[in-house]
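Here the working numbering is used: the first residue of the sequence shown is 59, the next is one more, and so on.
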Amino acid sequence: MKLEVFIEITGKDKQGREEKPIIFKANSIVGTFVGFLAGHFSDANKTVVDITNANKNSRTSFALATGGGGTVTRGIICGTGTTAVALTNYKIETIIAHGTGSGQLSYGAMSFDAGLTDSGSTRYFQMYRQITNNSGANITVNELALYVSDGYYVTFNYMIDRTLQTFTINNGTSKTITYKFAITV
59 MKLEVFIEIT GKDKQGREEK PIIFKANSIV GTFVGFLAGH FSDANKTVVD ITNANKNSRT
119 SFALATGGGG TVTRGIICGT GTTAVALTNY KIETIIAHGT GSGQLSYGAM SFDAGLTDSG
179 STRYFQMYRQ ITNNSGANIT VNELALYVSD GYYVTFNYMI DRTLQTFTIN NGTSKTITYK
239 FAITV
């Protein structure tokens, strides 16, 4: 799946008849969008250039994707589900619970890049979560999700990504999962 932005122009002629709409893809979301997301997902100011060419901090009072150690309602989440991803998915299919018991993983706190990174014509930021398996057996992960809060009420959480990817976290080991949000113009 990919993010696409479309623009539609509609109008009426002099007689009030609807003209054929003009619909086209936006050329590119610019790097400021990534900075805006980075500041709103994390709990830290991210410097973004505003429309007056001044450096501003992009941040809300509530971080959208922060999640403390053990939190499975915000941040990067692991699951065992295998059903194909659908537009209407609203939660991970089968979450792997936090803990050290059978079939459980220990979720570390979410962390974020300190700033934005520019590489050629690409701007990006990354968020990370370390997942540790102390369950006594290997655990196979089949799905990943990114949960965010609404930023105001904080108790309302939403899944904004669900990705199928199978990998194993062996007993006694950790994996760091990284989400990279990038825009290339």
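Every residue gets a Cβ at the ideal spot worked out from N, C-alpha and C, and that includes glycine.
Here the structure is a predicted model, which means the values were calculated and not measured.
C-alpha distance - residue i paired with residue j, whole-angstrom precision
{"i": "Thr224", "j": "Gly128", "result": "22 Å"}
{"i": "Val107", "j": "Lys149", "result": "34 Å"}
{"i": "Thr171", "j": "Glu77", "result": "In the sequence on display, residue 171 carries Asp and not Thr. The alpha-carbon atoms of Asp171 and Glu77 are separated by roughly 47 Å."}
{"i": "Leu163", "j": "Ile153", "result": "10 Å"}
{"i": "Thr90", "j": "Ser160", "result": "44 Å"}
{"i": "Phe214", "j": "Gly74", "result": "44 Å"}
{"i": "Asn200", "j": "Thr158", "result": "19 Å"}
{"i": "Ser193", "j": "Thr226", "result": "13 Å"}
{"i": "His156", "j": "Phe94", "result": "30 Å"}
{"i": "Asn111", "j": "Lys104", "result": "15 Å"}
{"i": "Tyr186", "j": "Ile81", "result": "37 Å"}
{"i": "Ala123", "j": "Thr131", "result": "9 Å"}
{"i": "Ala240", "j": "Gly125", "result": "21 Å"}
CA nearest to the CA of residue i, picked from the options
{"i": "Met168", "options": "Ser232, Ser160, Ile134 and Asn215", "result": "Ile134"}
{"i": "Pro79", "options": "Ile67, Thr90, Asp71 and Lys114", "result": "Ile67"}
{"i": "Ala142", "options": "Arg132, Ala203 and Thr221", "result": "Thr221"}
{"i": "Tyr165", "options": "Cys136, Ala96, Met185 and Phe183", "result": "Cys136"}
{"i": "Ala203", "options": "Ile189, Asn196, Ile218 and Thr190", "result": "Ile218"}
{"i": "Thr180", "options": "Ser232, Thr231, Val92 and Lys72", "result": "Val92"}
{"i": "Asn196", "options": "Asn229, Val206 and Arg132", "result": "Asn229"}
{"i": "Thr231", "options": "Gln188, Thr138 and Phe183", "result": "Gln188"}
{"i": "Asn191", "options": "Lys233, Ser207 and Phe99", "result": "Lys233"}
Assigned secondary structure, residue i (DSSP; H/G/I helix, E/B strand, else coil)
{"i": "Thr198", "result": "strand"}
{"i": "Glu77", "result": "coil"}
{"i": "Leu174", "result": "coil"}
{"i": "Phe317", "result": "Because the chain is modelled from 59 through 243, residue 317 falls outside the range shown and cannot be assessed."}
{"i": "Phe239", "result": "strand"}
Buried/exposed call for residue i, threshold 16 Cβ in 10 Å
{"i": "Asn113", "result": "exposed"}
{"i": "Tyr237", "result": "buried"}
{"i": "Lys83", "result": "exposed"}
{"i": "Ala144", "result": "exposed"}
{"i": "Asn115", "result": "exposed"}
Exercise for review: Report yes or no: do the segment 139 to 153 and the segment 167 to 175 share at least 3 C-beta pairs separated by less than 8 Å?
Suggested key: no
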